[in-house]
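Chemist:
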Amino acid sequence: MEYTNVKIVSDAEEKSVQQVEGELLNKHEQKFEDTQPTDIESVETQTIESEPVDSSLKEEDVLSFMRNRYGNEINSLDDLTQAREENSELPEDVAAYYKYKKETGRGIKDFVKLNEDFDAKDPDKLLREYLTATEKGLDEEDIDSMMEDYFYDEDLDEESDIRKVKLLKKKTIAKAKDYFEAEKEKYGTSLESSGLSFSSEEQEELEVYKQYVSEAKTKDEEILRKADWYKQKTSEVFGGEFKGFEFTVDGDKKVNFKPGETSELLNKHQSPQDFVKDYLDEDGMLKDSVGYHKSLAVAMNPDKFAKFFYEQGKAEGKDDVMKQTKNVNMSARNTPEFSSQGGTQVRAVNPDSGRGLKIRSNKKNN
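If you count the sequence shown from 1, position 95 lands on 108 in my numbering, and the numbers rise without skipping.
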């Protein structure tokens, strides 16, 4: 549409201006009549014939975009989903942990244990962890009961029973090592990454467990060091010619006492726990408090008890001597008796009467 500017002038020119405006309006109306219906019809037709554009993406469009954008040859959306799962951007150790957790249902502590040296691990701990991992539905008390099958008492159990328990424990520990080695091969990896892909709760749990492992390792090493030192010093005591323990009983007087064979003593003194185990029950509770404290008192005051028994023995010895001294036979001495039955007569005489055999002659009586 065209617009023409019109300038208003004085009344003298009004007629000519009106004529001009009329001509312009006529031309404009004529032009409008020629074009407007066509435009309206065209617009209406376009509106009626136009269809909504389908905004949904087709599978082929997505796959085509992936091929052009990333160069991936993927034939279906299922392949795309699988590739997304397999090509996760998680670190290797984190991905291994999530796989372990998904397939076993166990947590970060059990996963970290897969990286331990099972040959160097304490056999009892390894055995307990194996039973916990393989025996489903059992609590700590149940595991404690099962662990009792792998222990024995050298003082009470028969030698044949001890051999059976040792064999059972040895075979079960071998199974435990095979089990954990297989788990390590399947899931194990070194947890040396930053751990940023862990949740805050899992990361905190991991740090706490690492600290626990470090402290436990230090404690275990300290326990082993002390145990080795104890055995070394014990062997020095009972090594060579052990003659017994020395006790001070009377001033500077000392006596030795050997309570048993050297080999037997050495065997029973292999651990400080040997001192108390006879006074504890199966749960480790004190069952004989009197016997325990009596033994403890003697152990803490050996010379005092030795002196007491020594003096007690001396006192009883003096009493016996005094009784023997005072028990003098004050009865009258009887003259030896003899009977006369004819023939030779023999009479017992005192040594004071001289030596030799004395024969009394019957001639003096005649």
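Glycine included, every Cβ here is placed at the ideal spot set by N, Cα and C.
Sort out for me which residues DSSP pairs F259 with in a bridge.
Modeler: On the sequence shown, position 246 is the one that residue 259 refers to. Residue identity check: residue 259 is Glu in the sequence provided, not Phe. Its beta-bridge partners are N269.
Chemist: Measure from the alpha carbon of D316 to the alpha carbon of each residue in G326, E329, F260 and T275, then state which is nearest.
Modeler: Locating residue 316 in the sequence shown gives position 303, where the first residue counts as 1. Ranking the options by Cα distance to D316, first place goes to F260.
Chemist: Helix, strand or coil: how does DSSP classify L293 here?
Modeler: Looking up residue 293 in the sequence shown gives position 280. Of the three classes helix, strand and coil, the one that applies to L293 here is strand, per DSSP.
Chemist: May I have the straight-line CA-CA distance separating F251 from T275, to the nearest angstrom?
Modeler: One-based indexing of the sequence shown puts residue 251 at position 238. One-based indexing of the sequence shown puts residue 275 at position 262. Going by the C-alpha atoms only, they are around 6 Å apart.
Chemist: Which of the three DSSP states is assigned to L151 in this structure?
Modeler: As a position in the sequence shown, residue 151 is number 138, starting the count at 1. DSSP places L151 in coil when its eight states are reduced to three.
Chemist: Leaving out five residues before and five after F193 in sequence, what residues of the same chain have Cβ atoms less than 6 Å from its Cβ?
Modeler: Within the sequence shown, residue 193 is the residue found at index 180, counting from 1. A distance below 6 Å between beta-carbons, with the five flanking residues on each side excluded, links F193 to the following residues of its chain, in chain order: F131.
Chemist: Would you kindly work out how many angstroms separate the C-alpha atoms of Q224 and E129, rounded to a whole number?
Modeler: Counting from one through the sequence shown, the residue named residue 224 turns up at place 211. Counting from one through the sequence shown, the residue named residue 129 turns up at place 116. Straight-line measurement puts the Cα of E129 at about 15 Å from the Cα of Q224.
Chemist: Helix, strand or coil for L127, going by three-state DSSP, please let me know.
Modeler: Start at 1 with the first residue of the sequence shown, and residue 127 comes out as number 114. L127 falls in the coil class under three-state DSSP.
Chemist: So what does L299 bridge to, in DSSP terms?
Modeler: Counted from its first residue, the sequence shown places residue 299 at position 286. DSSP lists L293 as partners of L299.
Chemist: How would you label G299, buried or exposed, when you count the other beta carbons within 10 angstroms and need 16 or more for buried?
Modeler: Here the question's residue 299 lines up with position 286 in the sequence shown. Looking at the sequence provided, one finds Leu at residue 299 rather than Gly. So L299 counts as exposed.
Chemist: Taking the alpha-carbon positions, what's the S248 to K149 distance?
Modeler: Here residue 248 corresponds to residue number 235 of the sequence shown, with the count starting at 1. Here residue 149 corresponds to residue number 136 of the sequence shown, with the count starting at 1. Those two C-alpha atoms are separated by around 45 Å.
Chemist: With distances taken from CA atoms, which of E167, T147, Y165 and V303 is nearest E196?
Modeler: Counted from its first residue, the sequence shown places residue 196 at position 183. Here the closest residue by C-alpha is T147.
Chemist: Quick one: what's got a C-beta closer than 8 Å to K256's C-beta in the same chain, skipping five residues either side?
Modeler: The count along the sequence shown starts at 1 and reaches residue 256 at position 243. Listed in chain order, the non-local C-beta contacts of K256 below 8 Å within the same chain comprise N269 and K271, local neighbours out to five positions each way being set aside.
Chemist: Since Y165 and D174 should fall inside the 8 Å C-beta cutoff, what is the C-beta to C-beta distance between them, to a whole number of angstroms?
Modeler: To locate residue 165, count along the sequence shown from 1; it is residue 152. To locate residue 174, count along the sequence shown from 1; it is residue 161. Y165 to D174, Cβ: 7 Å. Contact.
Chemist: Can you grab the Cα-Cα spacing for the pair D263 / K320, in whole Å?
Modeler: Here residue 263 corresponds to residue number 250 of the sequence shown, with the count starting at 1. Here residue 320 corresponds to residue number 307 of the sequence shown, with the count starting at 1. Between the C-alpha atoms of D263 and K320 there is a straight-line separation of about 7 Å.
Chemist: Using the three-state DSSP reduction, which class does N314 fall into: helix, strand or coil?
Modeler: By 1-based counting over the sequence shown, the position of residue 314 is 301. Coil at N314, not helix or strand.
Chemist: Under a three-way DSSP split, which group does F321 fall into?
Modeler: Reading the sequence shown from its first residue, position 308 is the one you call residue 321. Residue state, collapsed to three classes: helix.
Chemist: Can at least three beta-carbon pairs, one atom from the region 181-191 and one from the region 134-145, be found at a separation below 8 Å?
Modeler: yes
Chemist: Could you tell me which of V221, L309, K327 and K267 sits nearest to D287, measuring between CA atoms?
Modeler: As a working mapping, residue 287 is identified with position 274 in the sequence shown. The residue with the shortest Cα to Cα distance from D287 is L309.
Chemist: Report the rounded CA-to-CA distance for M159 versus K327, giving the unit in angstroms.
Modeler: Walking along the sequence shown from the start, residue 159 turns up at place 146. Walking along the sequence shown from the start, residue 327 turns up at place 314. A direct Cα-Cα distance of roughly 55 Å separates M159 from K327.
Chemist: Among E220, K138 and D168, which residue has its Cα nearest to the Cα of D233?
Modeler: Mapped onto the sequence shown, residue 233 falls at position 220. When only C-alpha atoms are compared, the closest one is K138.
Chemist: Assuming contact is defined by CB atoms lying nearer than 8 Å, are L144 and I156 in contact in what I supplied?
Modeler: Start at 1 with the first residue of the sequence shown, and residue 144 comes out as number 131. Start at 1 with the first residue of the sequence shown, and residue 156 comes out as number 143. Yes.
Chemist: Mark H306 as exposed unless 16 or more other C-beta atoms lie within 10 angstroms of its C-beta, in which case mark it buried.
Modeler: Within the sequence shown, residue 306 is the residue found at index 293, counting from 1. Counting Cβ neighbours within 10 Å, H306 comes out exposed, since fewer than 16 surround it.
Chemist: Verify the contact flag: Y192, CB atom, against every heavy atom of the ligand ATP, threshold strictly below 7 Å.
Modeler: This structure lacks the ligand ATP; in fact it carries no ligand of any kind.
Chemist: Alpha carbons only, please: which of E217, V289, Y243 and E295 is nearest the one belonging to Q161?
Modeler: Taking the sequence shown and counting its residues from 1, one reaches residue 161 at position 148. In the sequence as displayed, the identity of residue 161 is Glu instead of Gln. It is E295 whose Cα lies nearest to the Cα of E161.
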